[in-house]
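Working notes, structure below.
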Amino acid sequence: MSAHAVKRRKLSPSPTNNASATQSKSSNGATSKETDEEQAHVSARKNDHSSKTKSAHRAKDERTAELAMASGFYKSGFFKLQVDELVSGLRVNYDKRISKIQDTLHKVKSAIESLPEILPKSIVDAEKELRTASGIVVPWPEPRPSKDVKYNVSYAKPTNINVVGSFGLRTGAKTAESRPVDLAVTMPSSIFQEKDYVNYRYFHKRAYYIACLAAGIQETVNSLGLEVKFGFQDGDSLRPLILLEPRSSKDEKTLSQPQIRILTAIDPTLFPVTRTLPMKNNIRQGSSADTAEAGEPTPFYNASLRSEAAVSLYHKYLYSASQKCDSFRDACILGRTWLQQRGFHTSFQKGGFGGFEWSALISLLFEGGGPSGQPILLRSYSSYQIFKATMQFLAGRDLSTPLLLFASDVSVPDGGPVLYDGRRGLNILYKMTPWSYSVLRQEATVTLKMLNESREDNFDRVFIVKVDEPALRFDRLLTFPKSFSGDTLRSLHDQKSLYQVLSRALGDRVNLISLSSRSVESWPVKSKALNKRASHDLSVGLMLHGDNVGRTVDHGPAAEEKEEAASFRAFWGEKAELRRFKDGSIVESLVWSDQPDEDSIVHQILAHILQRHFKIADEDFFLHGDEYDDMLYDEGDGVISYSNSPFQSINDAFNELEQSLRNMEEVPLSIRHVAPASPLLRYAALRVHGADGDNEAADIVLQFESSSRWPDDFAAIQMTKAAFLVKIGDSLQDAGAASSCRVGMENESSKVLNSFYLDISHTSGFTFRLRIHHDREQTLLERQLKNKTISPREREEIAYALFSYKKVFVQTPRLTQALRSLCTRLPLLSPTIRLVKYWFNSHLFSAHISEELIELMTTRAFTQPYPWECPSSIMTGFLRTLHFLSRWDWQQEPFIVDLSGDLNPEVTETIKTRFTAWRNIDPAMNSIALFVASDLDTEGVTWTQYDKPSKVVAGRMSALAKAAVSLLRKEHDELDVADLFHTSLAPYDFVIHLRSKLLEDRSGPASKYKNLAEANVPSRTSKLAVVKSFVHDVQACYNQSILLFHGDERSGVIAGLWNPQMLKPRSWNLKTAYSTAPAASAEKPDTVVINKPAILNEIARLGEGLIETIETSGSK
1 MSAHAVKRRK LSPSPTNNAS ATQSKSSNGA TSKETDEEQA HVSARKNDHS
51 SKTKSAHRAK DERTAELAMA SGFYKSGFFK LQVDELVSGL RVNYDKRISK
101 IQDTLHKVKS AIESLPEILP KSIVDAEKEL RTASGIVVPW PEPRPSKDVK
151 YNVSYAKPTN INVVGSFGLR TGAKTAESRP VDLAVTMPSS IFQEKDYVNY
201 RYFHKRAYYI ACLAAGIQET VNSLGLEVKF GFQDGDSLRP LILLEPRSSK
251 DEKTLSQPQI RILTAIDPTL FPVTRTLPMK NNIRQGSSAD TAEAGEPTPF
301 YNASLRSEAA VSLYHKYLYS ASQKCDSFRD ACILGRTWLQ QRGFHTSFQK
351 GGFGGFEWSA LISLLFEGGG PSGQPILLRS YSSYQIFKAT MQFLAGRDLS
401 TPLLLFASDV SVPDGGPVLY DGRRGLNILY KMTPWSYSVL RQEATVTLKM
451 LNESREDNFD RVFIVKVDEP ALRFDRLLTF PKSFSGDTLR SLHDQKSLYQ
501 VLSRALGDRV NLISLSSRSV ESWPVKSKAL NKRASHDLSV GLMLHGDNVG
551 RTVDHGPAAE EKEEAASFRA FWGEKAELRR FKDGSIVESL VWSDQPDEDS
601 IVHQILAHIL QRHFKIADED FFLHGDEYDD MLYDEGDGVI SYSNSPFQSI
651 NDAFNELEQS LRNMEEVPLS IRHVAPASPL LRYAALRVHG ADGDNEAADI
701 VLQFESSSRW PDDFAAIQMT KAAFLVKIGD SLQDAGAASS CRVGMENESS
751 KVLNSFYLDI SHTSGFTFRL RIHHDREQTL LERQLKNKTI SPREREEIAY
801 ALFSYKKVFV QTPRLTQALR SLCTRLPLLS PTIRLVKYWF NSHLFSAHIS
851 EELIELMTTR AFTQPYPWEC PSSIMTGFLR TLHFLSRWDW QQEPFIVDLS
901 GDLNPEVTET IKTRFTAWRN IDPAMNSIAL FVASDLDTEG VTWTQYDKPS
951 KVVAGRMSAL AKAAVSLLRK EHDELDVADL FHTSLAPYDF VIHLRSKLLE
1001 DRSGPASKYK NLAEANVPSR TSKLAVVKSF VHDVQACYNQ SILLFHGDER
1051 SGVIAGLWNP QMLKPRSWNL KTAYSTAPAA SAEKPDTVVI NKPAILNEIA
1101 RLGEGLIETI ETSGSK
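Residues in the sequence shown are numbered from 1 upward in steps of one, following full-length UniProt numbering.
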């Protein structure tokens, strides 16, 4: 087998020492020929750039460091195939696009070039004449020019008109969003004056120029079937542009035309670079441009102006980079795809980092950015190497500390990131804010971890999965309807003020704060801009710090620190108070309430600080995320955390019981270990009560030290277990550790399954169900299974017994131990598991999907959280679990969970091999539909074998998860959380409504004695047991005909589906195993069909006293 074929089969490389990757190119999967070529190229590059002689040793070291920046061509051969296929699929056919739009562009260009000049006029006269002649409303940026300004506006023929942007450079990618064609119109220098860079002069003249262009091309554009609109360039209200969009029509040729954006540009030398440096103030008090330059710097204003002068410079620069590097365009496609999946775009409202910024960044990194000004990227790099090295740069280099390229003495204001391009005089990250840059670095860091991970491929999570949904990314969402709106500069100022206040108020309770707002839509050229009337909903995403978010007391500065204490009181107002603590310190402090009936601490902080600093009342903002905690509090009987009293009480009781068991002297064998094996003991039970509450018995497994005196007969082993259980019960009662002990029986009809258990009523009030694990049973069962003389029925029974043995005595204790450890290490795992269980209960999956299976599927969101970090709230843990389920193609992929951190490529490969074997053995998935494995259970069928769940149930689970994610993406922050837990009964053929009081009417006549009446009231566990038993019995009776669904004891309904195969008319015979009725078919008079009314009547009779009504789909 060739090396390439081996790579394709193995999705991830074997884990190797990362240090070796930086020392040797060959360890990264490259061929020797590619290595030699690249090393030769590196050497050539160094010779070109070096200005003095360097030693050969130093050149070799630097070459090695450069090669390590993008360690490895690809993660694996299969990863390379995926990258190649992705790039190939997203590569735009520019020849085809040019043929479609070339004629349109020529006509638009000709129309612009034929426009007559307009002599200089005052603002008032020019605007009035334009509106009278063509109806065009000039899209003045705010603040619009006053009537008494001393400068004039005019129109002159543009210097040149060029296609720029991704269309001209051929660096675009096929995306769901529109891919406009940018037409840059270079305005002549003659219409500007020397000091037009101050006080919006340039932008006012530019707006008039844009309006003149729109007026002049209206007729031509209309004849082409296009519509003329105004919009903002990159969301910047200072720079309106013209949009030419296909008019709504039935003409497919017209609709297929891409959007055309007409931008403006100016000569790079029109305004000196020194006048638009980041620290300059170009918005001055008064209307005179001669006002002394003073006041706050205006970096965004200056950069907007400079970007107009750099249009042609960057177009030439990027084109040169694409010619010098063969993989430049493919790297741009990968970068654009990665940014789009994370919600980044060029406009400042969407992060300020889009396709242009990505292209400009990697072009600059070809020339510098590294130590001593060395280039970070080499032009011989593959597209993946460029992508990965750029991720390393974004994650590892903090650009809050300015990086100046080709410049040395440029001052920049504090706050946002700075990557200053000295040759073109522009900070290419000027549209980025501190918060959007934090999100970008966070995403780059997570992506780098995914690319470096050896246990999984992660290709889909890097490039395919859409990860920008706020509810999946952030732990809390804060929205301000119709607030913080206005022009770009005002919006930025207000949002920075809000960001600073929120950062100081929330402190270390949050890891990250992100603000996002909506861009203004385009508007007709004959009406005013919509920015004043538009709803600029501002939303704030919070990534919480799980360890600090629940802190009830915040410590401020000490009383002796006068200035800091005064600042603290000024910020917090009356909430700040001086307190003395146990250690003797007297400090300013804040106290928050953590009572269940109060708002969350984060909500309390936000309500106080927003009212104090922005006069935003509690009812004027909305905090999303606490609803999930409230839902669990209500449905989980007031228990949220694993550290709450009920969970701790039952675990304390288990520890006491374990000690009592180990102290027994009457039992002849010593105890090897006592293992918990219950959701109650792994912090995963949806409902848990205190010692006096109504809890189910908690399963535990006891194993003795090995002994040769155990019998080898199955029946004798079970009787020996029974004797041990009786002895253990007597011993515990005699020692006072248990108030009562009772031996119970299970699986009475089987000779090989475990037959006895011991219910221990512990003195603490909890009940434990103890089973004895004898490891000799597995050996006997496996030996019996190899016996070729047994009948098929016996073989099936033995196989099921072995499956049950491994599940009860091996895998359940392992899972419990693993989850106990994980829940203490990841405090939010326990509440998330319990909320996911409630979701499954709400959708009536209790009879089909085991609790252990739900726990495994939820745990994956915490131990393998990519493409996000580990959840920091119940909301993100819950929603990401649904997201994983919605994307899981269970027919083609195993579900693999890392429980102990030991999941490596070898274990993963073993699991995938087993999955493939099962699909080959059972291609119809009649026995195994879901394959869920972990590093502790590589067999993958422990919780899903024997049709648990079936294909129908698995398909419904996927459909409901997809529907939940779709609803989340549609509603966003307006989502009603209760809708996620509301299940529709419409898909079912019939619905059985249970009596609201369940068993109360079957408990006999009411007693006049109060104590007896209370004893007759059925408990929650007994109600649930009755429902489960009823469903189990009915399903066993009509297994071929119906499929039943139910939730817990609170759901109140049992839903059912008829087997479609049973609904078909067929000939009657003696082996027909279900009730039938003559078919109403003229073609086949001797056929029968399933008798649905008779079966439902039988079910009603079986459930007498339990069933209220049975509703069929036809009667709804």
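C-beta atoms are modelled at their ideal positions from N, C-alpha and C, and glycine is treated no differently.
At the level of alpha carbons, what is the spacing between residue i and residue j?
| i | j | result |
| --- | --- | --- |
| residue 340 | residue 211 | 32 Å |
| residue 1122 | residue 462 | Any property of residue 1122 remains undetermined from this structure, which presents the chain solely from 1 to 1116. |
| residue 811 | residue 852 | 10 Å |
| residue 409 | residue 493 | 27 Å |
| residue 500 | residue 606 | 13 Å |
| residue 65 | residue 323 | Confidence at residue 65 is low in this model, with a pLDDT of 37, below 50, so the placement of that residue should be treated as unreliable; the coordinate-derived value is given next. If you take the alpha carbons of residue 65 and residue 323, they lie about 25 Å apart. |
| residue 432 | residue 943 | 49 Å |
| residue 817 | residue 655 | 14 Å |
| residue 626 | residue 600 | 7 Å |
| residue 386 | residue 79 | 15 Å |
| residue 225 | residue 301 | 36 Å |
| residue 763 | residue 683 | 21 Å |
| residue 751 | residue 715 | 6 Å |
| residue 520 | residue 350 | 12 Å |
| residue 479 | residue 847 | 40 Å |
| residue 652 | residue 659 | 11 Å |
| residue 201 | residue 281 | 14 Å |
| residue 68 | residue 962 | Note that residue 68 has pLDDT 40, beneath the 50 cutoff, so the model's placement of it is unreliable and no number is given. |
| residue 991 | residue 844 | 11 Å |
| residue 778 | residue 703 | 14 Å |
| residue 513 | residue 540 | 7 Å |
| residue 1092 | residue 1039 | 14 Å |
| residue 615 | residue 570 | 15 Å |
| residue 996 | residue 354 | 57 Å |
Go to residue i, then tell me how far its beta strand (DSSP E) extends in each direction, as first and last residue.
| i | result |
| --- | --- |
| residue 757 | 756-762 |
| residue 478 | 476-480 |
| residue 229 | 226-233 |
| residue 539 | 538-544 |
| residue 420 | 419-421 |
| residue 171 | From DSSP, residue 171 is part of no beta strand (DSSP E); its letter is neither H nor E. |
Once you ignore the five residues that flank residue i on each side, which residues in its own chain have a CB closer than 7 Å to its CB?
| i | result |
| --- | --- |
| residue 363 | 317, 318, 321 |
| residue 575 | 590, 608 |
Go through its chain and collect everything with a Cβ distance to residue i's Cβ below 6 Å, but skip five positions before and after it.
| i | result |
| --- | --- |
| residue 664 | 731 |
| residue 1071 | none |
| residue 897 | 856, 859, 860, 934 |
| residue 352 | 431, 432, 436 |
| residue 604 | 592 |
Could you give the residue range of the alpha helix (DSSP H) that holds residue i?
| i | result |
| --- | --- |
| residue 450 | 434-452 |
| residue 493 | 488-506 |
| residue 914 | 905-921 |
| residue 1120 | Only positions 1 to 1116 of the chain appear in this structure, which leaves residue 1120 out of reach. |
Using a threshold of 7 Å, is the CB atom of residue i nearer than that to any non-hydrogen atom of the ligand FAD?
| i | result |
| --- | --- |
| residue 440 | In terms of ligand content, the structure shown is empty, and the ligand FAD therefore cannot be addressed. |
Three or more C-beta pairs below 8 Å linking the stretch 78-86 and the stretch 456-474: A contact exists between the stretch 78-86 and the stretch 456-474.
Three-pair Cβ contact test at 8 Å for the stretch 152-169 versus the stretch 202-216: By the Cβ test, the stretch 152-169 is in contact with the stretch 202-216, since at least three Cβ pairs between them sit closer than 8 Å.
Three or more C-beta pairs below 8 Å linking the stretch 343-352 and the stretch 227-237: By the Cβ rule, the stretch 343-352 counts as touching the stretch 227-237, because three or more pairs are nearer than 8 Å.
Secondary structure, alpha helix (DSSP H): runs of 4+ residues fully inside the stretch 689-765: Within the stretch 689-765, the complete alpha helix (DSSP H) runs of at least 4 residues fall at 714-734.
Cβ pair count under 8 Å reaching 3, the stretch 871-879 against the stretch 440-448: With the cut-off at 8 Å, the stretch 871-879 and the stretch 440-448 do not touch.
Alpha helix (DSSP H) runs contained entirely in the stretch 344-402, provided each spans 4 or more residues: Counting whole runs of 4 or more residues, the stretch 344-402 contains the alpha helix (DSSP H) stretches 355-365, 383-396.
At least 3 beta-carbon pairs within less than 8 Å: the stretch 821-838 vs the stretch 630-645: Counting Cβ pairs under 8 Å, three or more are found: they touch.
Length-filtered (4 minimum) alpha helix (DSSP H) runs lying within the stretch 775-815: Runs found: 776-786, 792-805.
contact_flag[the stretch 575-586, the stretch 545-563] where n(CB pairs < 8 Å) is 3 or more: Three or more pairs of CB atoms, one per stretch, sit closer than 8 Å, so the stretch 575-586 contacts the stretch 545-563.
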